[in-house]
Each structure stands twice: as structure tokens, then as C-alpha cells.
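Numbering (this note's numbering), first residue to last: 348 to 553.
Structure follows, in C-alpha cells:
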């Protein structure tokens with residue numbers, strides 16, 4: 348973590364059936380009409396809802412569930428996009444998040460203990476807000492277009508990324524080299540954000 352600011356985590360508690368159900372549900376989600384997806388909006392947190400149709404990142408589209416650790420938030424997201432209801436989507440995402448939050452707590456505990464700050468663990472977890480974001484990258488419209496998102500760091504504390512066997516994630520090393528990340532189907536990429544890095548006096552690479 349101190350060297351690269353991220354690592355690959357093998358976490359088999361998310362079963363193959365759950366992974367398949369999640370990505371199947373996301374296909375259904377992104378196939379919704381644009382006017383429906385635009386309903387995914389948070390007036391006080393605009394960056395946490397629908398993002399897409401931007402000329403600088405035309406291949407990128409995403410939706411988000413704010414406060415994903417609260418079951419009612421998942422239900423609200425589902426009912427907003429499917430007014431007639433979609434219990435399968437809601438149950439799948441709640442189950443997925445519950446399992447993924449276990450990995451998040453393991454990661455945070457590991458980081459806190461590495462800095463001998465175990466006494467702050469409960470406070471850190473209780474103050475955590477979760478955003479479950481779904482992202483899709485379309486095929487570029489031109490042969491020369493290769494960039495989905497510009498180089499950036501995450502402003503949050505921890506990002507857990509689960510790719511659907513799609514290549515494209517790259518991480519920059521301290522000496523400026525870019526490394527292509529190709530995780531296994533059962534693993535997750537854990538990325539340390541700026542907020543956590545600042546909390547620990549920038550001892551973690553970003």
C-alpha cells in the first residue's frame with residue numbers, strides 16, 4: 348500500500364452466483380432509457396448520482412447509490428428507476444453490498460492497525476458513508492480514442508473496484524510508470540484515497 352497506494356485482494360466470500368447476478372442486473376440497469384437513468388440524482392450531492400453524456404468522457408456512464416449501507420437507500424434507488432418495482436435488483440445489490448462491506452472493514456482494520464491506531468477503529472467505521480457506484484465504458488467511437496477517464500486520484504478514503512473482466516485500469520508508480528492492472532475474476536482492487544492518505548500524513552502512495 349505504501350508503495351503503490353493500492354493492492355489486489357482475493358475475497359471469495361462473494362460467490363460466483365452473486366457476481367453473475369450483479370453483472371446481469373447491471374446490464375439491465377444500463378439498458379434503461381437515458382431519461383430514466385437521469386432520475387438517479389441527489390440534490391445535495393450531485394456527483395453521487397448519474398454521470399454521463401459528457402463531451403470530455405463520452406464513453407463513460409455511471410450511476411450511484413448513496414448511503415448504500417442503508418437498505419432503504421437501495422430500495423429508494425430501485426423504486427426511482429423502476430417505479431413498478433424490481434425486487435430482484437434490490438435483493439441482489441443488498442446482498443452484494445453486505446458481503447463487500449466485510450472486505451471493506453477488513454481493509455480498514457488492516458490499515459488502522461498498521462499505524463497503531465486500533466483505538467480509533469470503531470469511530471472510523473461508524474463515521475463511514477458508503478457510495479455504491481456502477482460504471483460502464485462503451486467502445487470508443489474512433490480507433491484513436493483509448494482514454495476512458497483522465498488520470499486522477501480518488502478523494503474518498505477507500506475504493507474497492509470490482510471489474511467485469513474488462514481491461515483498462517492503470518496505476519501510476521512513484522517513478523511515473525503506468526502499470527496495467529488485470530485482476531482475477533474473484534479478486535478486487537483496493538485503492539487508497541486522498542482522504543485516508545492525508546489522515547496518515549501522506550505515508551501512503553497515491
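Even glycine gets a Cβ: it sits at the ideal position worked out from N, Cα and C.
- DSSP places residue 371 in the helix class (H, G or I) of the three-state scheme.
- Residue 391 is classed as exposed because its beta carbon has fewer than 16 other beta carbons within 10 Å across all chains shown.
- Secondary structure at residue 441: helix, using DSSP grouped into helix, strand and coil.
- In this structure, the beta-carbon distance from residue 406 to residue 412 does not fall below 8 angstroms.
- In the three-state DSSP reduction, residue 486 falls in the coil class, being neither helix nor strand.
- Counting along the chain, residue 534 sits inside the beta strand (DSSP E) bounded by residues 534-539.
- Here residue 456 has 468 as same chain residues with Cβ atoms under 7 angstroms from its own Cβ, once five neighbours each way along the sequence are excluded.
- Assignment of beta-bridge partners to residue 478 by DSSP yields 413.
- Per DSSP, the unbroken alpha helix (DSSP H) holding residue 426 starts and ends at 418-428.
- Residues of the same chain with a CB within less than 6 angstroms of the CB of residue 485, apart from the 5 flanking positions on each side, are 406 in chain order.
- Close CB contacts of residue 408 within its chain, under the 6 angstroms cut and outside five residues either way in sequence, are with 399 and 483 (chain order).
- Distance check between residue 435 and each of 380, 452, 372 and 475 places 372 closest, using alpha-carbon atoms only.
- For residue 527, the CB contacts under 8 angstroms within the same chain, skipping 5 residues up- and downstream, are 514, 516 and 517 in chain order.
- When C-beta atoms of the region 440-452 are compared with those of the region 377-390, fewer than three pairs fall below 8 angstroms, so the two segments do not count as touching.
- Counting only the Cα atoms, residue 508 lies some 15 angstroms from residue 453.
- Residue 481 sits close to residue 376, with the two beta carbons spaced by under 8 angstroms.
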